[in-house]
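Asks: Quick note: the sequence shown uses this note's numbering, first residue 99, plus one each step.
The beta-carbon is built from N, C-alpha and C at its ideal position, and this holds for glycine as well.
Please read through the structure below; I'll follow up with questions.
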Amino acid sequence: MEPLFLTPYFRPKLWGGRKLATIFHYHIPEGKVGEAWIISGYKDDASAVSQGPFAGQPLRTIYLTHPELFGYPKSAEFPLLVKFLDANDNLSVQVHPDDHYAHEVEHDRGKTESWYVLQADPGAYLIYGHNAKTKAELTAMVKAGDWDHLLRKVPVKAGDFFYVPAGTIHALTKGILVIETQQSSDVTYRLYDYDRVDDATGQKRLLHTQKSLDVTKVPHVDAKLAHPVVQETGATITTLAAPPQSAHFYLWEVQVAGAWQTGLGKHPYLLVSVIAGAGELVLAGQAYPLAIGTNLIVPNGAESFIFKGHLKLIMSAPGPKE
Ligand code: ZN
C-alpha cells in the first residue's frame with residue numbers, strides 16, 4: 099500500500115509565465131510554461147508516477163491495469179484532471195460543453211471546472227459569465243463584437259474559489275495563478291481571442307463561434323455552492339464543492355497544523371496537491387515527505403493515514419457522475 103506520487107505533465111502556452119518553476123520548484127526548461135497538468139490521466143498528456151512499484155508509468159495506464167487501486171471505478175478513463183495555470187497574459191474567452199453535447203459532437207467528456215486562486219496581482223480580475231438575457235441577445239452581441247458589455251469581469255484575490263459549470267463563459271486574465279480541478283476533458287470552444295495574431299502563423303486563432311453559442315447557458319447564473327468548515331484534530335477542512343451542486347467532483351481545502359489522522363471515508367481514492375507548506379504523509383507505517391508542488395493519489399484500500407506538518411492541501415475525489 100503506497101501513495102501514487104505524480105510528476106507533472108507540462109504544456110507550454112503563449113500566455114504562460116515562469117511561476118511554476120519559481121513557486122513550485124519544478125525543473126522546467128527555459129521559456130514560457132503556462133500549464134502543469136499535475137494529476138492527469140488524460141490520453142497522452144498523463145502525469146507519470148515518480149516512485150514505488152509503478153515508477154515511470156503514466157497514471158492512465160495504472161488506472162486501466164490496476165482498477166483495484168481506484169475501487170473498481172465505473173468511469174472507463176481517469177475522470178478528473180488537476181492543473182496549475184500561470185496566466186502571464188489574458189487567455190482566450192471560452193466555454194465548454196456539457197457531457198451530452200461533448201459525447202455527441204466531440205466523443206469526449208464535457209467539462210465542468212473550478213478555480214482556486216493561489217495568487218492574483220493587485221487589480222486582477224477574471225471573466226466569469228455574461229450579461230445577455232436571451233440567446234438572441236447573446237448572438238447579437240457576439241456578432242457585433244460588443245465584448246465590453248457582454249463579458250462579466252469579476253475582481254479576484256488569493257483564496258477565492260470559482261465553480262465553472264459547463265456552459266459558463268470564462269477566462270483567466272493576466273496576473274492570476276490558480277489550481278484548476280475539472281472533469282478530464284480537453285474540449286474548449288474559443289469565443290473571443292482579443293483579435294490577437296499568432297506570431298508563428300500571422301493569423302488570428304480559430305474561433306468556435308457557433309459551438310460557443312450552442313453551449314452557452316443563458317442567462318448566466320452564478321453557481322451557488324455552500325462552503326462548510328469542519329474543525330478536526332490537526333486540520334481545518336473547508337468544502338469547496340460537493341454534490342448535489344457539483345456532480346463530477348468533491349473538492350476541499352485542508353489546512354494541516356500538527357498531525358491530522360484521516361481516511362478515505364466513502365470515497366474510492368483521493369487526489370492531493372500541496373499548495374503551501376511542508377510536512378509528511380504517513381501511510382501503512384511509511385513516512386513520505388511532502389512539499390509545495392507535491393501531487394499524489396491516496397489509493398483505494400488505504401484505511402487510515404496521517405498528514406503531518408504545516409500544510410495547505412487541495413484535495414478532491416470523484417463525484418456521483420464519475
Ligand atoms: Zn476553461
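#1: What are the boundary residues of the alpha helix (DSSP H) that Asp246 is part of?
#2: I want to check one thing, is the minimum distance from the CB of His80 to the heavy atoms of the ligand ZN below 7 angstroms?
#3: Verify whether the separation of the beta carbon atoms of Phe182 and Ala134 is less than 8 angstroms.
#4: Using the Cα positions of Asn229 and Arg250, report the straight-line distance between them to the nearest angstrom.
#5: Shorter than 7 angstroms, the distance from the beta carbon of His268 to the closest heavy atom of the ligand ZN, or not?
#6: Tell me whether the beta-carbon of Tyr226 lies closer than 8 angstroms to the beta-carbon of Val252.
#7: Considering only residues of the segment 286-352, which uninterrupted beta strand (DSSP E) runs meet the minimum length of 3 residues and lie entirely inside it, listed in chain order?
#8: Report yes if the C-beta of Gln281 is less than 7 angstroms from at least one heavy atom of the ligand ZN; otherwise report no.
#9: Any heavy atom of the ligand ZN closer than 7 angstroms to the Cβ of Thr271?
#10: Grouping DSSP H, G and I as helix and E and B as strand, with all else coil, what is Val240?
#11: Who pairs with Thr360 in a beta bridge, going by DSSP?
#12: Have a look at Leu102 and Thr159 and give me their C-alpha separation to the nearest angstrom.
#13: Would you tell me roughly how many angstroms separate the C-alpha atoms of Lys309 and Pro220, rounded to the nearest one?
#14: So is Val295 buried or exposed if we call it buried at 16+ other beta carbons inside 10 Å?
#15: Indicate the three-state DSSP secondary structure (helix, strand or coil) for Lys233 in the structure shown.
#16: What's the gap between the Cα of Thr286 and the Cα of Phe152?
#17: Opposite Leu388 in the DSSP bridges: which residues?
#18: Could you pull the DSSP bridge partners for Gln280 from this structure?
#19: Run the proximity test for Glu211: is its beta-carbon closer than 7 angstroms to any non-hydrogen atom belonging to the ligand ZN?
#20: What residues match up with Asp184 in a beta bridge as DSSP calls it?
#21: Strictly by DSSP, which residues pair up with Asn393?
#22: Under three-state DSSP, which class holds Arg158?
#23: Would you call the CB atoms of Ala269 and Leu216 closer than 8 angstroms?
#24: Measuring from the CB of His201, is there a heavy atom of the ligand ZN at a distance below 7 angstroms?
#25: Would you kindly check if the distance between the Cβ of Ile267 and the Cβ of Ser371 is under 8 angstroms?
#26: Is the separation between the beta-carbon of Leu349 and that of Ser414 shorter than 8 angstroms?
#27: Any heavy atom of the ligand ZN within a distance shorter than 7 angstroms of the CB on His194?
#28: Return the first residue and the last residue of the beta strand (DSSP E) that Thr105 is part of.
#29: Leu289 to Phe405, Cα distance in whole Å?
#30: Report the three-state DSSP secondary structure of Phe122 (helix, strand or coil).
Replies: Looking at the atomic coordinates:
#1: Start and end: Trp245 to Leu248.
#2: Only positions 99 to 420 of the chain appear in the structure, and residue 80 is not among them; the question remains open.
#3: Contact flag set, yes.
#4: If you draw a straight line from the Cα of Asn229 to the Cα of Arg250, it is about 7 angstroms long.
#5: His268: yes, Cβ under 7 angstroms from the ligand ZN.
#6: The beta carbons of Tyr226 and Val252 sit closer together than 8 angstroms.
#7: List check, beta strand (DSSP E) in window: 287-290, 327-330 and 333-339.
#8: Relative to the non-hydrogen atoms of the ligand ZN, the Cβ of Gln281 never comes closer than 7 angstroms to any of them.
#9: Exclusion of Thr271 from the 7 angstroms shell around the ligand ZN follows from its C-beta lying no nearer than that to any non-hydrogen atom of the ligand.
#10: If DSSP states are grouped into helix, strand and coil, Val240 belongs with the helices.
#11: In the DSSP output, where bridge partners are listed per residue, Thr360 has Phe403.
#12: Straight-line Cα distance between these residues: approximately 13 angstroms.
#13: For Lys309 and Pro220, the gap between their C-alpha atoms comes out near 34 angstroms.
#14: It is exposed - the Cβ of Val295 has fewer than 16 other Cβ atoms within 10 Å.
#15: Three-state DSSP puts Lys233 in a helix.
#16: Distance from the CA of Thr286 to the CA of Phe152, rounded to the nearest whole angstrom, comes to 32 angstroms.
#17: Answer by DSSP bridge pairing, in chain order: Gly377.
#18: Beta-bridge pairing links Gln280 to Leu179 and Glu211.
#19: Yes; taking the cut-off as 7 angstroms, the Cβ of Glu211 has a heavy atom of the ligand ZN nearer than that.
#20: Beta-bridge partners assigned by DSSP to Asp184: Leu275.
#21: By DSSP's assignment, Asn393 forms a beta bridge with Ser371.
#22: Helix.
#23: When the beta-carbon positions are compared, Ala269 and Leu216 stay at least 8 angstroms from each other.
#24: Within the chosen limit of 7 angstroms, the ligand ZN does not reach the beta carbon of His201 with any heavy atom.
#25: Cβ distance not < 8 angstroms, so Ser371 and Ile267 don't count as in contact.
#26: For Leu349 and Ser414, yes; Cβs fall inside 8 angstroms.
#27: Inclusion of His194 in the 7 angstroms shell around the ligand ZN follows from its C-beta lying nearer than that to a non-hydrogen atom of the ligand.
#28: Leu102 to Thr105 is the span of the beta strand (DSSP E), which, as asked, contains Thr105.
#29: Approximately 43 angstroms between the Cα atoms of the pair.
#30: Reduced to three states, the DSSP call for Phe122 is helix.
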